[in-house]
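Below you'll find the structure, written out as structure tokens, and then a few comments.
This is how it looks when you write it as structure tokens:
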């Protein structure tokens, strides 16, 4: 029999029966939490206290009032999905110490679900009721005005409650709870006072807008001196690829699916299971658990109808109302087409002929080498890539206020090679192609390259016996291969070993269309100046060779 206080089990029962539609990630998380509650394994280091989780729920519903819209002045009444989340977050404790199990949560849900208000409620609780002396509470975001959103929620909650107002003072420095000498402050990423933080609770708002992980890492490092700190990352989906959002979303997804294990991290991801569900009203609750109560059903239905009539609005709807990853609005391919998590063992690709491609940088930038491979009785196109960048470029990026990409992380993972100096060492590109031949017996029949930037590299490659083919970089050369490449991605028939650098480059790629002499042409361009599309261009050069030599190439497939 489910206890009346166990909102987690009550919620999971409705998820399991499909009374409440939910994506697989949500079902998996709550299934695992319920199984852990019912486990008889004495070695499991945590236990679930319904009362502790209920205590936080009661605090929120007793002290926190809405201050905007139709509910202004009314006490907060949490929905079941919110109660299950709060009870899970605060109800799980360590055996022996009775300290909180979870130290971090990732909460992703469609817009207009009261994310900031709920975060403000949690912040007020952590400030005054979590029994932490000298607690430091931070509302963090990229800009100060964004960081102030959750801070202002907490401030308004306090101002509306006589008891809280008597205990907490609003000063120029922030909110001060003198009884425990605790404070709450807004914290933008450009703040000059990010060092020396001693964080008890931090809410990082709108993670999808964080270009790099600097703020996130600073907040995590600032929690280490506390016994039971908590960090909350809240967000909708977004258009910025390979930034902090993608890293946290993918990590949370892996934990939710059980492919990674982190008992201290609570992943709550509300989204559609597939992009095709956006027109099915029965599926909308998957990304909008408060639909009809917190969020207007009528407005969402109107927006769906708008997207049916206006294709340019669809990416925004998918991202903000259904939490489906998309590339930027002008991107040539959708994220649904780009994302492919499949990979194959190198043994399968060995002993193959290939078509090579390369995008050589202007001396000091990112360079990419590609191999395009086909296998017998297999409709997929397989892609191997290696990226190269000089250390001086890495150092320059580090000094910039806007980070370009996590090249050093990618280098650790083996996708990128960093060489000393200010220029790319093209001999490393040669070395990679040679290794593919000597180590894996993957032999490019042609390597298509930009004739304008080849320098000493082409004679060096020809010295190793490679057939180098000049490829004009322009719309008349690229148009048809670019269109065919896009179609193959949309059919999910490009297996690129889940390479995050290529995924990033593809999401940065827009298309410039022209109509010259009656011929409709298209070529890749950057969405923004600081974005890189070298991986796209390198692969496209290989695809040019693949299309040009298709009849010659296919008999060599083995």
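Numbering (our numbering), first residue to last: 924 to 1481.
Here a beta-carbon is modelled for each residue, glycine too, at the ideal position from N, C-alpha and C.
As the structure is a prediction and not an experimental result, all values here were calculated from the model.
How far does the alpha helix (DSSP H) with residue i in it extend, from its first residue to its last?
i, result
"residue 1196", "Note, residue 1196: premise wrong, no alpha helix (DSSP H); not H, not E."
"residue 1226", "1220-1232"
"residue 1168", "1167-1180"
"residue 1078", "1067-1083"
"residue 997", "No alpha helix (DSSP H) holds residue 997; DSSP gives it neither H nor E."
"residue 937", "930-939"
"residue 1044", "1038-1051"
"residue 1379", "No alpha helix (DSSP H) holds residue 1379; DSSP gives it neither H nor E."
"residue 1459", "1457-1471"
"residue 1267", "First-last for residue 1267: undefined, no H or E at that position."
"residue 1450", "No alpha helix (DSSP H) holds residue 1450; DSSP gives it neither H nor E."
"residue 1305", "Residue 1305 -> not in any alpha helix (DSSP H); beta strand (DSSP E) instead, spanning 1304-1313."
"residue 1362", "1349-1363"
"residue 1142", "1137-1144"
Return the CA-CA distance between residue i and residue j, expressed in angstroms with no decimal places.
i, j, result
"residue 1133", "residue 931", "31 Å"
"residue 1109", "residue 1182", "35 Å"
"residue 1387", "residue 1461", "20 Å"
"residue 1051", "residue 1040", "17 Å"
"residue 1256", "residue 1042", "35 Å"
"residue 1184", "residue 1218", "33 Å"
"residue 1290", "residue 1061", "41 Å"
"residue 1441", "residue 1398", "Confidence at residue 1441 is low in this model, with a pLDDT of 48, below 50, so the placement of that residue should be treated as unreliable; the coordinate-derived value is given next. Computed Cα separation, rounded: 13 Å."
"residue 1472", "residue 1277", "11 Å"
"residue 1464", "residue 1373", "8 Å"
"residue 1300", "residue 1481", "10 Å"
"residue 1139", "residue 1069", "15 Å"
"residue 990", "residue 1222", "22 Å"
"residue 1087", "residue 986", "8 Å"
"residue 1329", "residue 1226", "35 Å"
"residue 1233", "residue 1239", "11 Å"
"residue 1013", "residue 974", "10 Å"
"residue 1024", "residue 1336", "30 Å"
"residue 925", "residue 1154", "In this predicted model, residue 925 has a pLDDT of only 45, less than 50, meaning its place in the structure is not dependable; the value taken from the coordinates is given anyway. Their Cα atoms are separated by approximately 30 Å."
"residue 1287", "residue 1320", "12 Å"
For residue i, which residues from the same chain have a beta carbon less than 6 Å from its beta carbon, with the 5 sequence-adjacent residues on both sides left out?
i, result
"residue 1029", "1156, 1171, 1175 and 1190"
"residue 1242", "1160 and 1249"
"residue 1091", "1081, 1098 and 1100"
"residue 1424", "1310, 1333, 1338 and 1458"
"residue 1076", "1039, 1040 and 1043"
"residue 1484", "The question about residue 1484 has no answer here: the residues shown for the chain are numbered 924 through 1481."
"residue 1120", "1145"
Below 8 Å CB to CB, which residues in the same chain sit around residue i once its five sequence neighbours on both sides are set aside?
i, result
"residue 1022", "1016, 1150 and 1151"
"residue 1104", "1056 and 1057"
"residue 1383", "1349, 1350 and 1353"
"residue 1479", "1276 and 1368"
"residue 969", "959, 1015, 1016, 1017, 1018, 1024 and 1186"
CB-CB under 7 Å to residue i, same chain, minus the five flanking residues each way: which ones, in chain order?
i, result
"residue 1216", "1002"
"residue 1237", "1230"
"residue 1411", "1304 and 1417"
"residue 1427", "1164, 1165 and 1328"
"residue 1344", "1313, 1314 and 1315"
"residue 1131", "1158, 1159, 1160, 1161, 1163 and 1168"
"residue 942", "none"
State the start and end residues of the unbroken beta strand (DSSP E) segment that holds residue i.
i, result
"residue 1063", "1059-1064"
"residue 1342", "1339-1342"
"residue 955", "From DSSP, residue 955 is part of no beta strand (DSSP E) but of the alpha helix (DSSP H) over 947-961."
"residue 1488", "Residue 1488 cannot be examined here, being either before or after the span of the chain that is shown, 924 to 1481."
"residue 1280", "1275-1282"
"residue 1107", "1105-1111"
"residue 1031", "1027-1031"
"residue 1514", "With the chain covering 924 to 1481 only, the question about residue 1514 has no answer from this structure."
"residue 1235", "Counting along the chain, residue 1235 falls outside any beta strand (DSSP E), and DSSP gives it neither H nor E."
"residue 943", "Taken as a continuous stretch (DSSP letters only), residue 943 belongs to no beta strand (DSSP E), as it is neither H nor E."
"residue 1291", "1290-1296"
"residue 1091", "1091-1093"
"residue 1015", "1015-1017"
"residue 1128", "1124-1128"
Rounded to whole angstroms, how far is the Cβ of residue i from the Cβ of residue j, which I believe are closer than 8 Å?
i, j, result
"residue 999", "residue 988", "7 Å"
"residue 1283", "residue 1294", "At roughly 16 Å, the Cβ-Cβ gap does not stay under 8 Å, so residue 1283 and residue 1294 are not in contact."
"residue 1341", "residue 1279", "Actually they are not in contact, since the Cβ atoms of residue 1341 and residue 1279 sit about 22 Å apart, beyond 8 Å."
"residue 1254", "residue 1433", "6 Å"
Answer with yes or no whether the minimum CB distance from residue i to chain C is below 7 Å.
i, result
"residue 1261", "In the structure shown, chain C does not exist; there is a single protein chain."
With distances taken between CB atoms, is the gap from residue i to residue j smaller than 7 Å?
i, j, result
"residue 1198", "residue 1247", "yes"
"residue 1266", "residue 1420", "yes"
"residue 1210", "residue 1193", "yes"
"residue 1128", "residue 1064", "yes"
"residue 1430", "residue 1317", "no"
"residue 1435", "residue 1446", "yes"
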